[in-house]
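**Q** In order, the protein sequences belong to chains A and B. According to full-length UniProt numbering, the stretch in the first sequence is residues 1 to 238, in order. According to full-length UniProt numbering, the stretch in the second sequence is residues 1 to 319, in order.
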Amino acid sequence: MGNLSLEGAIEGLKKLLIPNDKDEQLNKELETKIEKLISELLGTTPPMYPELFSELAKHQTPKFLVFACSDSRVSPSNILDFQPGEAFMFRNIANLVPPFNQLRYSGVGAAIEYAVVKLNVENILVIGHSRCGGIDRLMELPEDGSTENDFIDDWVQIGLPAKAKVKAEFGHLPLDEQKRECEKEAVNLSLTNLQTYPYVRERMARKALALRGGYYDFVEGCFKLWEVKSIITTPIHN
Amino acid sequence: MAVPSPPFSLSKHSPSNPPSFLASNPSLDPSKAPVLRPRNAFGSEANLGGVEQTRLRLWNNLKTNSDLRLQASRELPGLTKELESDKSERMERVEHGTDLFDEMKQRFLSFKKHKYMQNLELYEKLAKDQAPKFMVIACADSRVCPSSILGFQPGEAFVVRNVANMVPPYENGPSETNAGLEFAVNSLKVENILVIGHSRCGGIRALMSMHDDVETSSLIGSWVSVGMNARVRTKAATKLLNFDQQCKHCEKESVNCSLVNLLTYPWVEEKVRNGELAIHGGYYDFVDCAFEKWTLDYKESNPIDKSGKVAVKDRAFWF
Numbered sequence: 001m002g003n004l005s006l007e008g009a010i011e012g013l014k015k016l017l018i019p020n021d022k023d024e025q026l027n028k029e030l031e032t033k034i035e036k037l038i039s040e041l042l043g044t045t046p047p048m049y050p051e052l053f054s055e056l057a058k059h060q061t062p063k064f065l066v067f068a069c070s071d072s073r074v075s076p077s078n079i080l081d082f083q084p085g086e087a088f089m090f091r092n093i094a095n096l097v098p099p100f101n102q103l104r105y106s107g108v109g110a111a112i113e114y115a116v117v118k119l120n121v122e123n124i125l126v127i128g129h130s131r132c133g134g135i136d137r138l139m140e141l142p143e144d145g146s147t148e149n150d151f152i153d154d155w156v157q158i159g160l161p162a163k164a165k166v167k168a169e170f171g172h173l174p175l176d177e178q179k180r181e182c183e184k185e186a187v188n189l190s191l192t193n194l195q196t197y198p199y200v201r202e203r204m205a206r207k208a209l210a211l212r213g214g215y216y217d218f219v220e221g222c223f224k225l226w227e228v229k230s231i232i233t234t235p236i237h238n
Numbered sequence: 001m002a003v004p005s006p007p008f009s010l011s012k013h014s015p016s017n018p019p020s021f022l023a024s025n026p027s028l029d030p031s032k033a034p035v036l037r038p039r040n041a042f043g044s045e046a047n048l049g050g051v052e053q054t055r056l057r058l059w060n061n062l063k064t065n066s067d068l069r070l071q072a073s074r075e076l077p078g079l080t081k082e083l084e085s086d087k088s089e090r091m092e093r094v095e096h097g098t099d100l101f102d103e104m105k106q107r108f109l110s111f112k113k114h115k116y117m118q119n120l121e122l123y124e125k126l127a128k129d130q131a132p133k134f135m136v137i138a139c140a141d142s143r144v145c146p147s148s149i150l151g152f153q154p155g156e157a158f159v160v161r162n163v164a165n166m167v168p169p170y171e172n173g174p175s176e177t178n179a180g181l182e183f184a185v186n187s188l189k190v191e192n193i194l195v196i197g198h199s200r201c202g203g204i205r206a207l208m209s210m211h212d213d214v215e216t217s218s219l220i221g222s223w224v225s226v227g228m229n230a231r232v233r234t235k236a237a238t239k240l241l242n243f244d245q246q247c248k249h250c251e252k253e254s255v256n257c258s259l260v261n262l263l264t265y266p267w268v269e270e271k272v273r274n275g276e277l278a279i280h281g282g283y284y285d286f287v288d289c290a291f292e293k294w295t296l297d298y299k300e301s302n303p304i305d306k307s308g309k310v311a312v313k314d315r316a317f318w319f
């Protein structure tokens, strides 16, 4: 064993892979193990921050609560390279956040409560995206309220206020462009709805929490980011 | 046969480049470390080395950016808070959130340069349509992103993430989770649903800590009650274990509870019965870094036996 060169050892290991379709499963397992061994031999696998991972195993302290769409093309970990421990991430259709309601949609509420109250995140980021199927459906919802599915329509109609705004401002544009506008407007609607959660409002008031919207356009390959600032003017009096 | 034969890629759009394995001489300088492109277990050209590359870029960024404090430990400097921060420090940091977003901008531009531009053909195809083979239901926990652990690439998995990766049953009515389920199964026609539980789950802990008879006014409590069956079965089966061990048991039991709840949806059950859809459970243990997976064994008769145990097959343990 001692006089085998590194290259020779690797060649030998590669020969262990069975070029046989019958043992597909075994082949895959072997492949992974051999590749890991090879990279360890070459010293090309850097130790993956063992201290970080052992800290994370005890608790998480993410700075972000992220709302993103379930769409397979828009994972924030892919696009924005979130590392383990950085973002508490809620993904649903069309990244919608309904207004505070103790009886309905407790799923979203539970995520906000957990992230804001228990994890004390400092930022909430709602990310919309291009060619969103959920927004498509919202914009194509029949006016008569009829529905052909069990749950999708019930969910996307949370976005009706955004649709109304888009129709008012951009109703003259072709439907495709209205949908693009609605994708961004729905993010703003979610940001507004977030402020109806008492614990969100409270933390925003003492500047412990900031809200931002984002829009990932994978057709053009760009990302937009904006902040939420709300102003109520002082009263006018004589 | 419910499970399709091993796919070349997890997306119905197959990538144009064949898989490759690159290795070169080791170097102690992280900025000169090679880009490793190990063959993805599913066979597609997954640029897994891209993640390492981005991380290395951050390392270089740090050396030049004096505003970010470099720790002595090999901790990944990033978007996690320091554990000993006090309130005033935190307020300052929120006001200086622009630093965080500058970093985010760099990450996006790096993604664009190293992934998007390098795979333009794939992204152009994806821009028109998505055809993922998987729907994944995972916890929102910051440590368990399915893209990170299982290497899902754009186009491969439709991902729903909620607190404690729960699937409520059909009779509970509309929720964000079943809207996603309906879309994935009926519109996208995914071939697999994978529900992934994980260790140290706060949502499961909350479920196990709830009082039996007290109505909860918190939204967390209302939501995790979906897993009540899992809690009941856990408490019955683990009387002699300590609370932490009970929670671990419940984390897995809750995945099975979700798998059973999936079958309460008529359009899901129909597709499983016809062999068009397979349902799988998974468990990611980040304490020991291991992943367990199993497939629901659907039979014409009830897949749950009288004691409430779920029939499974193809159990695998990766570590």
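Built from N, CA and C at the ideal position, the CB exists for glycine as well. Keep in mind the model is a prediction, meaning the values are calculated, not measured.
With the cut-off set at 9 angstroms, would you say F158 of chain B and V190 of chain B are in Cβ contact?
**A** Taking 9 angstroms as the Cβ cut-off, F158 of chain B and V190 of chain B qualify as a contacting pair.
**Q** Which runs of the alpha helix (DSSP H) at least 4 residues long sit entirely within the stretch 145 to 194 of chain B? Give them in chain order.
**A** With a minimum length of 4 residues, the continuous alpha helix (DSSP H) runs that stay inside the stretch 145 to 194 of chain B are 146 to 150 and 176 to 182.
**Q** Rounded to whole angstroms, what's the CA-CA distance from F243 of chain B to N123 of chain A? Just pull it up for me.
**A** The straight-line gap from Cα to Cα measures roughly 32 angstroms.
**Q** Go through its chain and collect everything with a Cβ distance to L173 of chain A's Cβ below 8 angstroms, but skip five positions before and after it.
**A** Once the five neighbours on either side are set aside, the close Cβ partners of L173 of chain A are E181.
**Q** Would you report the Cα separation of K313 of chain B and L96 of chain A, rounded to the nearest angstrom?
**A** When rounded, the distance between both Cα atoms is 36 angstroms.
**Q** Could you tell me the distance, in whole angstroms, from the CA atom of D129 of chain B to the CA atom of S75 of chain A?
**A** Taking the straight line from one Cα to the other gives about 15 angstroms.
**Q** Count the other C-beta atoms from every protein chain shown that fall within 10 angstroms of the C-beta of L80 of chain A, then say buried if there are 16 or more, exposed otherwise.
**A** Counting Cβ neighbours within 10 Å, L80 of chain A comes out buried, since at least 16 surround it.
**Q** Applying a beta-carbon distance threshold of less than 7 angstroms, which residues of chain A neighbour I220 of chain B?
**A** What I220 of chain B touches in chain A: A110, E113 and Y114.
**Q** Once DSSP output is grouped into helix, strand and coil, what is the label at A290 of chain B?
**A** Strand, per DSSP.
**Q** Would you verify that the beta carbon of D297 of chain B is, or is not, closer than 9 angstroms to some beta carbon of chain A?
**A** No, because no Cβ of chain A sits closer than 9 angstroms to the Cβ of D297 of chain B.
**Q** Please classify A206 of chain B as buried or exposed, where buried requires at least 16 neighbouring CB atoms within 10 angstroms.
**A** By the neighbour-count rule (16 or more Cβ atoms within 10 Å), A206 of chain B is buried.
**Q** Is E95 of chain B close to chain A? Criterion is C-beta to C-beta, closer than 9 angstroms.
**A** Low per-residue confidence applies at E95 of chain B: pLDDT is 48, beneath 50, and the placement is therefore not dependable enough to give any value.
**Q** Taking Cβ positions, are G85 of chain A and L52 of chain A nearer each other than 9 angstroms?
**A** Going by C-beta atoms, G85 of chain A is nearer than 9 angstroms to L52 of chain A.
**Q** Please look up how many angstroms separate the CB atoms of S77 of chain A and S148 of chain B, rounded, as I've assumed it's under 8 angstroms.
**A** With 8 angstroms as the limit, S77 of chain A and S148 of chain B qualify as a contact, their Cβ atoms being about 5 angstroms apart.
**Q** Look at E276 of chain B and D285 of chain B and say whether their C-beta atoms are less than 9 angstroms apart.
**A** For E276 of chain B and D285 of chain B, no; Cβs fall outside 9 angstroms.
**Q** Using the Cβ count rule (16 or more neighbours within 10 Å means buried), how would you classify I135 of chain A?
**A** Label assigned to I135 of chain A: buried.
**Q** Chain A partners of P174 of chain B, CB-CB under 7 angstroms?
**A** Neighbours of P174 of chain B on chain A, chain order: F151, D154 and W155.
**Q** Should L188 of chain B go down as buried or exposed, given a rule of 16 or more other Cβ atoms within 10 Å for buried?
**A** When all chains shown are included, L188 of chain B counts as buried.
**Q** In angstroms with no decimal places, state the Cα-to-Cα distance between residue 329 of chain B and M210 of chain B.
**A** Residue 329 of chain B is absent from the structure shown; chain B starts at 1 and stops at 319.
**Q** Report the rounded CA-to-CA distance for A164 of chain B versus I220 of chain B, giving the unit in angstroms.
**A** Near 10 angstroms, if we compare the C-alpha coordinates of I220 of chain B and A164 of chain B.
**Q** In the DSSP assignment, the beta strand (DSSP E) including E124 of chain B goes from what residue to what residue?
**A** No beta strand (DSSP E) contains E124 of chain B, which is instead part of the alpha helix (DSSP H) from L120 to K128.
**Q** Assess, as a yes-or-no matter, whether the stretch 174 to 193 of chain A is touched by the stretch 213 to 223 of chain A under the definition of 3 or more beta carbon pairs within less than 8 angstroms.
**A** With a cut-off of 8 angstroms, the stretch 174 to 193 of chain A and the stretch 213 to 223 of chain A count as touching, because enough Cβ pairs lie within range.
**Q** Keeping to the same chain, check which residues put their C-beta closer than 7 angstroms to that of G180 of chain B; ignore five residues upstream and five downstream.
**A** Only V160 meet the Cβ criterion.
**Q** For T234 of chain B, which three-state DSSP category applies?
**A** Of the three classes helix, strand and coil, the one that applies to T234 of chain B here is helix, per DSSP.
**Q** Got a sec? Which residues, its chain only, sit under 6 angstroms from R91 of chain A by beta carbon, not counting five neighbours each side?
**A** Around R91 of chain A: A68 and S70.
**Q** Does the beta-carbon distance from A278 of chain B to F317 of chain B come in below 9 angstroms?
**A** Not closer than 9 angstroms, so no.
**Q** Check for me: the alpha helix (DSSP H) holding L277 of chain B runs from which residue to which?
**A** From DSSP, L277 of chain B is part of no alpha helix (DSSP H); its letter is neither H nor E.
**Q** How about the stretch 225 to 233 of chain B and the stretch 242 to 257 of chain B: do they share at least three Cβ pairs that are nearer than 8 angstroms?
**A** The stretch 225 to 233 of chain B vs the stretch 242 to 257 of chain B: in contact.
**Q** Counting only beta-carbon atoms, is L189 of chain A nearer than 9 angstroms to chain B?
**A** So no, L189 of chain A is outside the interface.
**Q** Please name the residue in A:V66, A:Q157, A:K207 and A:V121 whose C-alpha comes closest to that of P142 of chain A.
**A** Closest option to P142 of chain A, Cα to Cα, is A:Q157.
**Q** Tell me whether I112 of chain A sits in a helix, a strand or coil according to DSSP, three-state version.
**A** Helix at I112 of chain A.
**Q** Taking the straight line between their C-alpha atoms, what separation do you get for E170 of chain B and K207 of chain A?
**A** The question names Glu, but residue 170 of chain B in the sequence shown is Tyr. Roughly 40 angstroms separates the two Cα atoms.
**Q** Could you tell me whether the Cβ atoms of residue 326 of chain B and L56 of chain A are closer together than 9 angstroms?
**A** With chain B represented from 1 up to 319, any question about residue 326 of chain B goes unanswered, as that position is not in the structure.
**Q** How many angstroms separate the CA atom of N186 of chain B from the CA atom of T196 of chain A?
**A** Each residue's alpha carbon lies about 33 angstroms from the other.
**Q** Should I204 of chain B and H280 of chain B be called a contact, given that it needs their Cβ atoms to be closer than 9 angstroms?
**A** Going by C-beta atoms, I204 of chain B is not nearer than 9 angstroms to H280 of chain B.
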